[in-house]
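Listed in order, the protein sequences are those of chains U and A.
Residues 82 to 460 in this note's numbering are what the first sequence lists, from first letter to last.
Residues 4 to 423 in this note's numbering are what the second sequence lists, from first letter to last.
To keep things clear, I will list the structure first and then write my remarks on it.
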Amino acid sequence: MIINSRFFNRSELIGFLALALLLFVILPLSLDIFRLNLVAKYLTYAFVGIGLVLCWGYGGILSLGQGVFFGLGGYCMAMYLKLEASSVENTKIQSTPGIPDFMDWNQLTQLPFFWKPFHSFPITLIAIILVPGIFAFIIGAAMFKRRVGGVYFAIITQAIAAIMTILIVGQQGYTGGINGITDLRTLHGWDIRTDHAKFILYFVEVVLLFACIVAAQFIRLTKLGRILVAMREQEDRVRFSGYSVANFKIFAFCAAAIFAAIGGAMFTLEVGFMSPSFVGIVPSIEMVIYTAVGGRMSIFGAVWGSLLVNFAKTSLSESFPQLWLFGLGALFIAVVLAFPNGLSGIWQDHVQPRIDRLLAARKSKPGNGFSVADGAPAE
Amino acid sequence: MSDEKKPGLRSPFRRKLLMGMAALPAISMLPRTAFAEAPATSAVNTTGLAVTDSEVTVGILHSVTGTMAISETGSVEAEKLAIEQINAAGGVLGRKIKFIQEDGASDWPTFAEKAKKLLVNDKCAAVMGCWTSASRKAVLPVFEQYNGMLYYPTFYEGLEQSKNVIYTGQEATQQIIAGLDWVNKTKGAKTFYLLGSDYIWPRTSNKIARKHIEGHLQGAKVVGEEYFPLGHTQFNSVINKIKLTKPDVIYAIIVGGSNVAFYKQLKAAGIDLSKQTLLTISVTEDEIDGIGGENIAGAYACMKYFQSLDNPNNKAFVTAFKKMWGEKTVIGDVTQAAYLGPWLWKLTVEKAGSFDIDKVAAASPGVEFKGAPEGYVRVHENHHLWSKTRVGRAKTDGQYELIYETADLVEPDPFPKGYQ
């Protein structure tokens, strides 16, 4: 119990176990493979959400450009899969066999140099982490060292998202343009389109998600996490205490970028293609909304938020093809107006106190049952 | 959502009558089996599609929300009209068509998700849908994996052919080559300025146009080629370049909302389309609705269908369409192509005597539809349509006046030799 109370306090432990139960047992047993694959798609946004909780909720750095990192991760994976799908025999009808089809349509006759490393799976995996990580480091260093923050930072990230989309759409010979990279088939010779593969990929993704949750929780509980919160509340005091504020911000931003990239790479595997429509401003803001609905202070809230909002999106649009966007919009407005801390806020303000009271009443041993005081509503 | 609402009309009887009348040209050519006893479900559906003794389910998959909604709504309307007419005429193999509509939300992954739902969950016997190339590219692997049948209505860039898709719009060479030959012959055009929105369709189309201009038209050349991001609204600099180079023909493949800005700025810059020849392959009557007829009057468009076509099929189609969806609706090339989808599917199913996807795909080549508003069409081996290409001139009332049409049907050639 002592270990638990350090790493996860009681309410977090309950949240962790409940989520694990849902994702590992309940959903795979109760859903058919089509719906399970949809859940897998929703969960890819949860990776972004966890990153946003770290960087926005704790660090106070609002990034409206997480789609860029989601996209970079996704494109790295898609490039590897596309090269594998474009073997010479698969592409013999092209004027240059052996290169991806969209390059052939755009009169490229050889593979561009930056595609070549993606022939190798290990390099692809490293690139999925490194490319967005380094890109985030450059942006972060350029901004935070100059003490650009707050709204200005949000606007700049948004601009980067817009630039990235234009770049990808414009360079269609190298990137697949607005169609994106489509028709992905196998991963290392293993057909990712079969139901069996989808099932396995789902579990791979959930395991990765829990790894990210634990990593985020670890960051949050170390001194680093405390400094992030301190920075959010009073940046100057932290700076005057001798900490390099910029470096901590860069770290939080890079961590969020890497989480988003892992989500993007999983997205490519689950859905089977990648396109610039995940990179732009709108998807980036949507990802922020998932986090806001779930509660930006809560790592689990981000996961629930991504699941519930996307579930609502699918079911509303299936039932009301013409009106669903209004319904979804109303849902957001309602959540933001009534529950500014999102779903996890509802939980902490209304549900958790009752459970605590119930438990406390049952135990009713003074001096023991108050682990809540250790800081359950930690932040 | 299975939509059984019947919007728009006061008297159901009158509408039924009109529907029936509109379908008359088609009825005359129906095979007899359509009216005979419906064959047993077990015989016509061996692969577990959503076919019962009295009903067959198809999907409609377009964007009804998001930026593409304005373009795709016409296709949805045309497909619903065709389904109503087919049902009024006895259905397909004695079964009424029931449709499930899904919203692609102008978002490519949503298209993929919904396509999968229509095939895996709803077991649709066919899906009418998609508009942009990107959405088609997103759903294509889904249709191939789960063996579905897609009827795709938009004119597009070609370079694709699938057992699981019937392309009811024209591919690029059908639309482009006849138009360029015409403008070269009748206007003596030698210099061309190519413009386009920056994505695969305009780029591929302009590539084909350039190859044709440089390789097949005597002494003709391309004097400029430029692309603009989707949604671009500042065309002043390119308009200045056009004024300086004075090309014989402005060849414009600009799509969506950019069109409004482009034609207005062209007019404002003093380029008079009654003197300067402009040929477009991307502006249908639907787009003129937004651009305004007075801004584009005089421009030429090259496609396979105009609302003003003067033939009995088209008259009945336009009347039925307006009865169902209101007097003010306009019908563009893609809307007409979308209308062909359900009809071609019905004719193919009846030719194959089965709803099975494999049999429908195999029976598709050679299927003819004499009741098409554009006139006679026939499905080619490569799953595209043989169709005529037409040039129309925009009038101030937003309609095109037919100027030229090819004498024969133009063969679809999605992988044109010498143009790649």
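We put the beta carbon where it would ideally sit given N, CA and C, even for glycine.
Length of the line joining the Cα atoms of residue i and residue j
i      : j      : result
I247/U : Y202/A : 11 Å
K226/U : F332/U : 12 Å
G132/U : W428/U : 21 Å
K349/A : Y149/A : 21 Å
W186/U : P421/U : 49 Å
L145/U : F234/U : 9 Å
T332/A : F359/U : 34 Å
A346/U : I211/A : 36 Å
D336/A : H65/A  : 16 Å
A101/U : V369/U : 23 Å
E35/U  : A278/U : Residue coverage of chain U in this structure runs from 82 to 460, which leaves residue 35/U outside it and unanswerable.
D361/A : G96/U  : 49 Å
T236/A : V394/A : 27 Å
R98/A  : P42/A  : 10 Å
A264/A : A304/A : 18 Å
A341/U : I180/U : 28 Å
D359/A : F392/U : 33 Å
P315/A : A85/A  : 17 Å
E290/A : N262/A : 8 Å
A410/A : H387/A : 19 Å
C157/U : S356/U : 12 Å
M350/U : G172/A : Contrary to the premise, residue 350/U reads as Leu rather than Met in this sequence. One C-alpha to the other measures close to 32 Å.
Q403/U : N187/A : 45 Å
Y342/A : V286/A : 19 Å
Nearest-angstrom beta carbon gap, residue j and residue i [assumed within contact, 8 Å]
i      : j      : result
A2/A   : G69/A  : Only positions 4 to 423 of chain A appear in the structure, and residue 2/A is not among them; the question remains open.
Y159/A : E288/A : Incorrect: roughly 19 Å between the Cβ atoms, too far for contact.
E2/A   : G329/A : Past the edges of chain A, shown from 4 to 423, lies residue 2/A, and the structure says nothing about it.
G306/U : G375/U : Not a contact, Cβ separation roughly 19 Å.
A255/A : T283/A : 4 Å
M152/A : V130/A : 7 Å
I63/A  : Q104/A : 4 Å
C136/U : F334/U : 5 Å
Q147/U : A337/U : 7 Å
L153/U : F216/U : 6 Å
A397/A : I299/A : 5 Å
S208/A : I179/A : 6 Å
Residue i: first and last residue of the uninterrupted alpha helix (DSSP H) it sits in
i      : result
Y283/U : 276-302
F420/U : Neither: F420/U is in no alpha helix (DSSP H) and is coded neither H nor E.
F225/U : 202-225
V252/A : Taken as a continuous stretch (DSSP letters only), V252/A belongs to no alpha helix (DSSP H), being part of the beta strand (DSSP E) at 252-256.
C157/U : 147-166
G301/A : Looking at the DSSP string, G301/A is not in any alpha helix (DSSP H), and its letter there is neither H nor E.
T246/U : 231-251
T248/A : 239-248
L143/A : 136-148
Range of the contiguous beta strand (DSSP E) that encloses residue i
i      : result
E105/A : 99-106
M131/A : 130-132
M227/A : First, the amino acid is wrong: residue 227/A is Gly here, not Met. Residues 224-231.
G62/A  : 58-65
A397/A : 393-397
L405/A : 403-408
T280/A : 280-283
Y154/A : 153-155
Residue i at chain B interface by Cβ criterion, 8 Å
i      : result
K420/A : Of the protein chains in the structure, U and A, none is chain B.
Residue i beta carbon near the ligand COA (any heavy atom closer than 7 Å)
i     : result
N90/U : This structure lacks the ligand COA, and indeed carries no ligand of any kind.
Q: Within the stretch 333-378 of chain A, note down every full alpha helix (DSSP H) run reaching 4 residues or more, in order along the chain.
A: 336-355, 360-366
Q: Taking a Cβ distance cut-off of 8 Å, strictly less, list which residues of the stretch 400-419 of chain U are near chain A, in chain order.
A: S400, F401, P402, Q403, W405, L406
Q: Could you list the residues in the stretch 346-363 of chain U with a C-beta less than 7 Å from some C-beta on chain A, going in chain order?
A: V352, G353, F354, S356, S358
Q. If contact means a Cβ-Cβ distance below 7 Å, which residues of the stretch 107-129 of chain U contact chain A?
A. F115, L119
Q. Going along the chain, which unbroken runs of the alpha helix (DSSP H) with 4 or more residues stay wholly within the stretch 320-385 of chain U?
A. 326-352, 362-375
**Q.** Runs of beta strand (DSSP E) lying entirely within the stretch 168-211 of chain A, each at least 3 residues, in chain order
**A.** 168-170, 194-200
**Q.** Interfacial residues, the stretch 336-367 of chain A to chain U, with Cβ spacing under 8 Å
**A.** none
Q: Using a Cβ-Cβ cut-off of less than 7 Å, give me the residues of the stretch 261-294 of chain A that come near chain U, in sequence order.
A: none
(Q) At a CB distance below 7 Å, what residues from the stretch 146-166 of chain A approach chain U? Give them in sequence order. (A) Q148, L162
Q | Contact set between the stretch 63-86 of chain A and chain U, restricted to residues whose Cβ is under 7 Å from the partner | A | V67, T68
Q) Between the stretch 388-402 of chain A and chain U, which residues of the former have a C-beta closer than 9 Å to a C-beta of the latter? A) none
Q: Taking a Cβ distance cut-off of 9 Å, strictly less, list which residues of the stretch 194-210 of chain A are near chain U, in chain order.
A: D201, Y202, I203, R206, T207, K210
**Q.** Every unbroken alpha helix (DSSP H) inside the stretch 84-136 of chain U [4 residues or more]
**A.** 91-101, 108-111, 114-133
Q. In chain order, what residues of the stretch 228-253 of chain A put their CB closer than 9 Å to some CB of chain U?
A. Y230, P232, L233
Q) Which residues, taken in chain order from the stretch 263-289 of chain U, show a beta carbon closer than 7 Å to some beta carbon of chain A? A) T263, D264, R274
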